[in-house]
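In what follows, a structure is listed as structure tokens, so that the remarks can point back to it.
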RNA sequence: GCCCGGGUGGUGGAAUCGGUAGACACGCAGGACUUAAAAUCCUGUCCGCAGAAAUGUGGGUGCGGGUUCAAGUCCCGCCCCGGGUACCA
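Residue numbers (UniProt numbering): 1 to 927.
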């Protein structure tokens with residue numbers, strides 16, 4: 001009998017399930033540890049080999065922590081609202097809930113095969129009304145809250161109303177959309193509608209105009225990645241930028257706290273840096289410019305010290321003052337330019353710096369100090385959403401302004417002296433280092449002092465103020481889609497009101513088609529009876545947009561703590577026990593989206609007293625992406641012939657993706673290919689000289705459409721879950737991206753067989769003995785315990801696997817079959833290959849699960865070495881090794897090495913200048 | 001464009017603190033066992049050059065510079081690849 005993974009894995013999966021070893025209860029006698037994976041979107045393509053990378057890595061840690069005596073929460077669920085299911089529904093008419101359910105079942109089946117230690121009794125699904133009831137509940141909390149900048153936290157809207165009743169806006173310091181001013185008397189006299197409108201200006205969930213990709217032909221809003229080169233990906237229709245009334249969440253109120261919190265959590269510096277950049281705090285000033293067309297223009301600048309170098313102003317084309325300042329002579333040109341900009345996405349506008357475009361408005365601003373007339377332009381490189389949507393251009397000290405000035409032949413005026421030669425006609429000098437020149441009262445000051453002095457002067461003259469600006473924008477929260485959480489709001493005379501809590505969940509209605517209405521209303525507008533009937537029997541229309549994909553994923557980690565609670569999102573007790581996630585594993589593509597939104601929701605819930613921690617995820621690890629290795633065949637254009645890779649350049653060819661399952665060692669199975677694509681059955685193949693057809697290869701994202709998806713099922717079937725688990729960890733560091741390649745999998749499979757054979761004789765009989773281990777065997781074991789323990793703590797799983805291989809190789813060479821060695825080894829291996837470890841462990845300790853065994857501890861005494869083989873190098877080049885006692889002092893080592901006959905040879909008669917001795921490391925002789 | 005990663009043999013990768021570059025695997029080559037194959041086991045394998053071999057010798061961690069007794073590791077300037085860029089999740 002040989003190692004039989006099918007038999008072993010089936011048996012122990014069943015055992016763990018019936019013994020409920022993965023289920024977790026709150027247990028105050030043990031320390032808690034919460035290990036979480038970013039839950040997947042259950043796509044129709046099923047799980048691919050990239051998904052398990054993070055799941056296995058976190059599973060190993062969860063299992064390790066259980067061995068270490070922690071009460072581990074390790075749940076899993078599904079982010080089951082999303083666009084692909086809706087797309088599929090549009091095409092087939094199939095309700096997204098049905099396809100989603102089917103996909104989830106497939107995911108579950110695939111996850112179950114991998115031996116992951118999830119507590120499935122805690123599963124959550126974002127599209128389940130029992131879950132999204134609480135997503136809606138949290139939304140209503142946002143709606144009922146405002147942000148008090150004095151207490152620096154969210155408060156109930158009642159305290160704002162109380163403030164208005166007492167003082168109006170006087171003394172109010174609140175996050176808002178527009179600054180407002182009114183008295184307590186005014187407030188008392190406002191109509192109900194007016195009051196509600198004012199409150200909306202302060203609520204954390206509010207409505208405002210924001211810009212979207214509008215596709216008139218499809219009658220819907222598109223995501224940026226549904227737009228390619230200004231056309232919709234579906235159908236290729238033109239897409240324009242359009243302003244639309246939308247729900248937003250006031251995340252900007254939390255910008256500073258989101259920034260500060262980063263210092264308290266254990267995430268990679270790279271990830272934190274991404275979030276810092278995304279939040280984008282910058283200190284500067286607002287400066288007002290008078291114009292010859294009436295209205296003042298307020299600009300935001302981080303470089304008020306360069307005000308004297310400003311030679312023109314630029315407004316975002318969408319800026320609200322554009323109409324007011326444009327002179328009649330330029331109105332037509334300005335309109336034409338604005339319609340051009342409408343066709344450009346924000347990303348195009350930022351990415352494309354080579355094409356400089358803009359339009360003069362005919363308006364001139366007045367320089368506040370020199371009185372000089374500065375032309376006012378509109379240009380796409382100024383974005384409406386950042387700062388005030390208007391800038392003072394300083395071409396000498398800003399690259400974008402410089403390019404613009406060259407294109408429109410505007411003056412470039414140096415106001416900072418870098419202290420070395422600089423050709424301002426060629427390039428802007430952007431560094432914040434140097435001395436102010438040509439700048440009146442700040443001339444001679446260094447940049448930081450010049451900035452301060454300028455702001456003081458602006459404030460003194462009443463034409464400017466100090467301002468901290470954040471790049472972080474409020475998060476648009478409405479989607480023109482069907483497959484998302486309905487927003488629990490109804491409208492009375494156009495004013496939004498919250499649905500009473502006892503009406504939650506507001507469930508998705510059934511509709512005939514998953515498309516927008518003919519009038520361009522979102523799909524929910526198709527629903528019959530999409531109304532709220534109040535206590536008096538009045539019917540009010542309900543909100544028709546739904547929540548974005550990130551709504552449900554912003555708090556799911558809290559629901560796992562108490563997943564079936566019908567009365568609250570989670571109980572106070574469960575929250576106090578589990579607190580927050582200790583280890584969060586997921587892809588780096590979520591660096592600024594999900595991870596910022598979830599932190600924001602968490603802080604909001606903290607302000608309201610629902611959670612007891614300020615940050616949701618203490619430690620976070622990004623697993624790398626497993627990429628696909630796409631294969632290509634080359635069709636000769638206009639002919640019925642394919643040409644092999646090495647000869648493709650002799651023809652004009654077109655590369656076509658070919659399914660990677662039809663390729664082995666870069667050789668295409670031509671018959672299988674013809675069967676796969678019958679339209680190519682009569683094609684001719686120009687092959688290599690040996691008659692084979694070689695495909696081209698390219699590393700790409702794993703995707704169904706690229707025919708490069710590798711599914712874990714076949715590997716589990718052929719080699720078993722343990723092999724897949726160990727292999728994926730062996731591939732390299734978890735945070736590194738790499739293409740999937742099964743070439744090395746036999747090495748891992750052989751290792752597990754070799755491990756198994758330590759316990760069984762060639763006939764398959766269990767053959768472990770109680771003999772006392774030798775010192776050498778103990779040394780191998782303890783070396784491995786140390787290495788594996790430390791490497792798990794560092795999440796360096798690939799080197800753990802190497803350590804296991806070395807250990808098993810060495811034990812095999814010694815023919816070691818001793819229980820005192822193999823029992824601790826089984827515990828060490830259990831997090832990585834739980835099935836085979838359980839098989840071997842239970843042979844040694846019948847009826848006891850390896851999952852519950854305590855983690856072995858290494859004995860440093862056994863590992864002590866008293867000699868070290870020093871590499872001896874000459875001028876940094878290693879020449880030979882020298883075995884010396886570890887007890888020698890550096891001086892004795894130096895003497896020993898100089899006495900060594902080989903040393904004389906490399907000295908070649910010269911005297912050493914210097915001998916560097918690092919005890920226990922290296923000897924370097926400088927000649 | 002901007003922000004964040006990454007680049008080491010034929011391949012995946014190791015080198016945890018600036019201290020022997022290439023651990024552990026895959027692949028390849030040779031050998032043992034076998035009628036044969038598979039499986040297994042053994043040996044070799046960064047690249048040149050010299051040598052029958054032992055060995056000697058030079059080069060080498062994307063490219064170009066620098067710091068240091070010593071650089072894959074630190075610093076400066078480039079090149080290439082991947083991810084994100086606010087309605088994919």
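Where a beta carbon is used, it is the ideal one built from N, C-alpha and C, also for glycine.
Given 8 Å, three or more beta-carbon pairs between the region 339-349 and the region 229-241: With the cut-off at 8 Å, the region 339-349 and the region 229-241 touch.
Those residues which DSSP pairs with residue 228 across a bridge: For residue 228, DSSP records a beta bridge to 231.
Residue 386, DSSP secondary structure in three states: Taken through DSSP and simplified to helix, strand or coil, residue 386 comes out as coil.
The beta strand (DSSP E) enclosing residue 469, as first and last residue numbers: It spans 464-470 - the beta strand (DSSP E) in which residue 469 sits, taken as one unbroken run.
Three CB pairs or more closer than 8 Å across the region 495-503 and the region 476-483: Short answer: they don't touch.
Euclidean distance between Cα positions of residue 360 and residue 412: One C-alpha to the other measures close to 17 Å.
According to DSSP, residues forming a beta bridge with residue 435: Per DSSP, 417 and 446.
Spatial neighbours of residue 296 in its chain, beta-carbon cut-off 6 Å, leaving aside the 5 residues before and after: Excluding residues up to 5 positions away in sequence, 288 and 290 lie with their Cβ nearer than 6 Å to the Cβ of residue 296 in the same chain.
Same chain, Cβ closer than 7 Å to residue 100, neighbours up to 5 away in sequence not counted: Here the set comprises 42, 80, 85 and 127.
CA-to-CA distance, residue 805 to residue 816, given in whole angstroms: Their Cα atoms are separated by approximately 15 Å.
Three-state secondary structure assigned by DSSP to residue 215: The three-state secondary structure of residue 215, taken from DSSP, is strand.
Nearest neighbour of residue 875, chosen from 736, 905, 204 and 924 [CA to CA]: Measuring from the Cα of residue 875, the nearest candidate turns out to be 924.
Every unbroken alpha helix (DSSP H) inside the region 750-834 [4 residues or more]: Counting only runs of 4 or more, we get 775-793, 797-813 and 819-829.
Cβ contact check for the region 792-804 and the region 678-686: 3 or more pairs under 8 Å: No: the two stretches stay apart, fewer than three of their Cβ pairs being nearer than 8 Å.
Within the region 7-93, ranges of the beta strand (DSSP E) (whole runs, at least 3 residues): Under the rule that a run must span 3 or more residues, the beta strand (DSSP E) segments found entirely inside the region 7-93 read 32-37 and 71-73.
Coarse secondary structure for residue 146, derived from DSSP in three states: It is a strand residue.
Residue 657 - containing beta strand (DSSP E), residue span: DSSP places residue 657 inside the beta strand (DSSP E), whose first and last residues are 653-658.
Close beta carbons around residue 76, own chain, < 6 Å, minus the five adjacent residues each side: Taken in chain order, the residues that qualify are 118.
Under the three-state DSSP convention, the category residue 557 falls into: Residue state, collapsed to three classes: helix.
Residue 928 versus residue 17: straight-line alpha-carbon distance, rounded: With the chain represented from 1 up to 927, any question about residue 928 goes unanswered, as that position is not in the structure.
Residue 365 - partner residues in DSSP beta bridges: DSSP lists 291 and 374 as partners of residue 365.
Three CB pairs or more closer than 8 Å across the region 130-145 and the region 552-572: Cβ pair count under 8 Å is three or more, so yes.
Residue environment, residue 575, which counts as buried when at least 16 other CB atoms sit within 10 Å: With 16 or more neighbouring CB atoms inside 10 Å of its own CB, residue 575 falls in the buried class.
Cross-strand partners of residue 868 (DSSP beta bridge): For residue 868, the pairing in a beta bridge is given by DSSP as 884.
Short Cβ contact (8 Å threshold) for residue 777 with residue 843: No; because the gap between Cβ atoms is not below 8 Å, this pair is not in contact.
Length of the line joining the Cα atoms of residue 715 and residue 349: Distance between residue 715 and residue 349, taken at the CA atoms: about 46 Å.
Buried/exposed call for residue 65, threshold 16 Cβ in 10 Å: Burial of residue 65 is indicated by the presence of at least 16 other C-beta atoms within 10 angstroms of its C-beta.
Per-residue DSSP class, three states only, for residue 528: Look at residue 528 here: in three-state DSSP terms it is coil, with no helix or strand label.
Buried or exposed by the 16-neighbour rule on C-beta atoms within 10 Å, applied to residue 52: By the 16-neighbour rule on beta-carbons within 10 angstroms, residue 52 is buried.
Exposure of residue 427, with buried meaning 16 or more beta-carbon neighbours within 10 Å: By the 10 Å Cβ count, residue 427 comes out exposed.
Alpha-carbon to alpha-carbon, residue 152 and residue 255: Our two residues, residue 255 and residue 152, have alpha carbons roughly 11 Å apart in a direct line.
8 Å Cβ cutoff met for residue 106 and residue 46: A contact, by the Cβ cut-off of 8 Å.
Sequence ranges, beta strand (DSSP E) only - wholly within the region 579-652, length at least 3: For the region 579-652, whole beta strand (DSSP E) runs of length 3 or above, ordered along the chain, are 581-587, 617-623, 626-636 and 641-643.
Start-to-end residues for the beta strand (DSSP E) that takes in residue 495: Start and end: 495-498.
One or two residues paired with residue 685 in a DSSP bridge: Paired residue(s): 642.
Proximity of residue 264 and residue 615 at Cβ, strictly below 8 Å: Yes.
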